[in-house]
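Residue numbers (the numbering used here), protein chains in the order written: chain A, 196 to 703; chain B, 4 to 330. The beta-carbon is built from N, C-alpha and C at its ideal position, and this holds for glycine as well.
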Amino acid sequence: MLPDVSAPPLLEIRGLSKSFGPVHALEGVDLTVRGGEIHALLGENGAGKSTLIKALTGIYSRDAGTVRLAGEAIAPATADEAVAAGIATVYQEVNLLPNLSVAQNLYLGRQPTRFGLVQRAEMRRRARDLLAGFGLSLDVDAPLGEYSVAVQSLVAIARAVDLSARVLILDEPTASLDANEVEVLFSVMRRLAARGIGIVFVTHFLDQVYAVCDRITVLRNGRLVGERETARLPRLELVHMMLGRELSEATHDRAPVVDEAKGPVVAAFQGIGKSGYLAPFDLTLRRGDVVGLAGLLGSGRTETVRLVFGAERADCGSVAVDGRPVRLTNPREAIRHGFGYCPEERKTEGIVAELTVRENIVLALQARRGILKPLARREQDEIARRFIRLLDIRPADPERPIGLLSGGNQQKVLLARWLATEPRLLILDEPTRGIDVGAHAEIIRLIRQLCAEGMALLVVSSELEEIAVYADEVAVLRDRAHVAMLAGADVSVPAILAAIAGETLRAA
Amino acid sequence: MTLRQPHSGVPQIIALLVILAVNWIVSPQFFDIRLQDGRLFGSLIDVLNRGAPVALLSIGMVLVIALRGIDLSVGAVMAICGAIAASLADSHSLPVTLAAALGVGLLCGLWNGILVAGLGIQPIVATLILMVAGRGIAQLITEGRIVTFTDPALAWIGGGSIVGVPAPVAITAVMLLVTLLLVRGTALGLMIEATGGNERASTLAGIGTRAMTIAVYVWCSLCAAMAGVIAAADILGADANNAGLWLELDAILAVVIGGTSLFGGRFSISLAVLGALIIQAMNTGILLSGYPPQFNLVVKAVVVMAVLLVQSPKLAGLSAALRRRAR
């Protein structure tokens, strides 16, 4: 259903500007959201999406510009005022309490009470009704943490909408969801739009934009590039708007399969597994090869790489590095054999937020050299500068705390941390998750380059097109077991999908 | 997001200078220093000398806190090691006495470290065990009495001097230098800050977080053992009930005044020692002013609040905003 174009806009932002010191984060940005529409807010990292949302929801004060909600000028000074005005926001990282029950999370801070006592039964009943309105049937007494990230996102949305939202802002809600979960989220979004709520949807997945959004607003470098109707905007033009340059479609073409001799084996895993964690699997990693790991969320991809890296101790199987049997019982040993691992959870397992970019880059190299052989400050500076230049990390300030960088740049710093150790096997778990299109292409280019230089790579990714482009082999997982190994010409999106679904692909 | 930056030390230095100035006002001879029998005397020297035990504790405590831990047992470890030193001093040579006291300190640290890093018990609970049990152990060693000794070698550690500098001050200074060398001269400092900031990320980056945590608790207990020996040597005896009593709190306070967050990460050893001196300068000042020592606690609380407020990022933002408005 397309929204009524003649109706006055629900949310109207005009000429919004915001500067941080000399940096113009937003300059005269407009955004118009009609009631009942899903509106994509797109742009690369640093385009100003987050700043716009924060200025809109009262987290930042704005320097100039007006915000009208249903024709009425509003200027929320705090997040609470924005919520009270009817603007609710759900962030990528769900801001709820996993140890409390679903119902408690939904009604935290506004529990139904009588004589000052919480009416638990009433709260549970309302929670069930509220969720039913979203087509969800959950045990509202179960701790929220027991549910998947997808369900947690939906609960966060339900809570936000129930706080009398007229405008719902979804900031990358799909970053950690798999395809089915995204579909469920979309149906909820459509349902909410049908109720007349205006939805602002921030995402990095262009497919999702075309699947669910009515209109698109693109920002670049803090400025408005344009507002278009999705149906009338070809994909290539959208990418052009976002990047300001023509992006070759190269990332969607598979490199020709050259049937050259296989490189020597770097590491071979045989029958490695852990009961209750992951069924035993075999994996052979060769110089210059990329092995992809594909499967749905929770299928055992991350579990595989954690066993490979020794972050989780296997209870069966054997490992050989360069043909010699070794034991990998902790990451230190894996690192000594030349392994490196960029984890999926960048914030909790990757970066040390308050340390500088330089310190984060040298951390793994320093750990491998040992405590008694400190890298001189001069060497650290040199390494940091080299990788900042090589990976185009922005801002190019080695002394900036990494927590202040954008997600894409944090990811590049983590890559730099491992590249500084000159690894022979690099494990990347969702290296492009939550990263903008430009950085995305750069990281894929980097993966290919590393591979050409003779590094062995093991890459987990939810983006099958991406895996199909760069992987020489793909291990497919389902229900915590390796179920298929695709190689060479068999590596294709349909083949991977079929293996995930548990079918064998019939030759057409 | 607020991220703490490396410490400048300016608020702490200003706080110390202000307190010293106040001390000078209430007691004009505060800065007088005289040499007598080859040892320096004076109120300022007294601050350093009396402050030595807490300064020693804070050297170890700051490392533990940087790792997101806490060690409540240092006061009890002081009592144990002081009791051992006092009991052995008259029957054994000084090296044996010291080795026994510091050796037991090492074991205490190992115990704490294994409970925290090996068994994964929360530091506050793990070290509470030794905090409670330790004082009992100390009383068992002294058999419930105040053990006195006359050995001049051990007494020198409390009352002697090296080129005029009181021995406790010299020992503390040496410990500070050794610790700085071990932590900042090597990569240990970076690894402690990384582990305190994000332990999982640090483990995955190849840092041996477990062994490092145990080592840090051992070092903290060794500092406490040294402080215990100094406290016993100072009074020529060991009082298992009162030696080091509540000093763990002063040590934690010193670390916090020194700008190291209880959430771990960035730390400064020198500023923690400065924090210990700030606390002692206040204690001495109140004694000199003639006010009853009860005032001490209230004044201490006020000064601590002032130092913490100055460091608070929110207040910094507020004052910056006020300055902008004034312009």
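- Message: For the stretch 238–246 of chain B against the stretch 134–152 of chain B, do three or more pairs of beta-carbon atoms, one drawn from each stretch, fall closer than 8 Å, so that the two count as touching?
- Response: yes
- Measuring CB to CB, does Thr261(A) end up less than 7 Å from Arg209(A)? yes
- Item | DSSP state of Phe215(A) mapped onto helix, strand, coil | strand
- Going by CA-CA distance only, name the one from Gly85(B), Leu20(B) and Val13(B) that's closest to Leu225(B). Gly85(B)
- Query: When Cβ atoms are compared, which residues of the stretch 561–593 of chain A fall closer than 8 Å to chain B?
  - Reply: Gln561, Ala562, Arg563, Arg564, Gly565, Ile566, Leu567, Lys568, Pro569 and Leu570
- Query: How long is the line joining the alpha carbons of Gln32(B) and Gly45(B), rounded to whole angstroms?
  - Reply: 8 Å
- Message: For a test of the three-state rule: what should DSSP assign to Gly458(A), helix, strand or coil?
- Response: coil
- Message: Determine whether the beta carbon atoms of Ala304(B) and Ile566(A) lie at a separation below 7 Å.
- Response: no
- Query: Should Glu207(A) and Arg263(A) be called a contact, given that it needs their Cβ atoms to be closer than 7 Å?
  - Reply: yes
- For Trp249(B), does the count of other Cβ atoms within 10 angstroms reach 16, so buried, or fall short, so exposed? exposed
- Can you have a look at Phe464(A) and say buried or exposed, based on whether 16 or more other CB atoms are within 10 angstroms of its CB? buried
- Item | Under 7 Å from the C-beta of Leu193(B): neighbouring residues of chain A | Glu554 and Gln561
- When burial is assigned at 16 or more other CB atoms within 10 Å of the CB, is Tyr294(B) buried or exposed? exposed
- Ala120(B) and Ala82(B) look like a contact to me (Cβ under 8 Å); what is the Cβ gap, rounded to whole Å? Not quite, the Cβ-Cβ distance comes to about 24 Å (not below 8 Å), so this is no contact.
- Query: Can you give the beta carbon distance from Ala515(A) to Phe396(A), rounded, assuming they're within the 8 Å contact cut?
  - Reply: Wrong, their Cβ atoms sit about 48 Å apart, outside the cutoff.
- Task: Please list the residues of the stretch 536–548 of chain A that have a C-beta atom closer than 8 Å to any C-beta atom in chain B, keeping them in chain order.
- Result: Tyr536, Pro538, Thr543, Glu544, Gly545, Ile546, Val547 and Ala548
- First and last residue of the uninterrupted beta strand (DSSP E) at Gln403(A): That residue, Gln403(A), is in no beta strand (DSSP E); its alpha helix (DSSP H) goes Leu401 to Val407.
- Interface positions of the stretch 625–658 of chain A facing chain B (Cβ-Cβ less than 7 Å), listed along the chain: none
- Query: Smallest Cα separation from Val135(B): which of Gly78(B), Gly161(B), Gly240(B) and Ala176(B)?
  - Reply: Gly78(B)
- Item | DSSP three-state assignment for Arg361(A), whether helix, strand or coil | coil
- Could you list which residues in chain B have their beta carbon closer than 7 Å to that of Ala506(A), in chain order? Leu207
- Name the DSSP beta bridge partners of Ala679(A), please? Val671(A)
- Task: Work out the CA separation of Val276(B) and Phe152(B) for me, nearest whole Å.
- Result: 30 Å
- is_contact[Leu558(A), chain B] using C-beta, thresh 7 Å: yes
- Query: Just reading off the beta strand (DSSP E) that Gln306(A) is part of, what are its end residues?
  - Reply: Where Gln306(A) is concerned, there is no enclosing beta strand (DSSP E), given that its DSSP letter is neither H nor E.
- CB contact below 7 Å: Ala236(B) versus chain E: In the structure shown, chain E does not exist; the protein chains are A and B.
- How close, in whole Å, do the beta carbons of Phe476(A) and Thr499(A) come, if the pair is a contact with beta carbons under 8 Å? 7 Å
- From Val346(A) to Val297(A), what distance separates their C-alpha atoms? 10 Å
- Message: Please report the distance separating the alpha-carbon of Val128(B) from that of Leu60(B).
- Response: 19 Å
- Message: Which residue wins for smallest C-alpha separation from Ala197(B), given the options Ile556(A), Gly602(A), Arg386(A) and Leu428(A)?
- Response: Ile556(A)
- 9 Å Cβ cut-off: residues of chain B touching Arg612(A): Ala208
- Item | Option nearest Arg71(B) by Cα separation, candidates Ser322(B), Ile165(B) and Gly268(B) | Gly268(B)
- Identify, in the order they occur along the chain, each residue of the same chain with its Cβ nearer than 7 Å to the Cβ of Tyr220(B), setting aside the five sequence neighbours on each side. Val67, Asp74, Gly112, Asn115, Gly116 and Val119
- Query: So, are the CB atoms of Val547(A) and Pro593(A) less than 7 Å apart?
  - Reply: no
- Name the residue from Gly545(A), Leu331(A), Ala389(A) and Gly490(A) whose alpha carbon lies nearest to the alpha carbon of Gly200(B). Gly545(A)
- Task: Measure from the C-beta of Leu527(A) to each C-beta in chain B and report whether the shortest distance is under 7 Å.
- Result: Checking the sequence shown, residue 527(A) turns out to be Arg, not Leu. For Arg527(A), the answer is yes, since a Cβ of chain B falls inside 7 Å of its Cβ.
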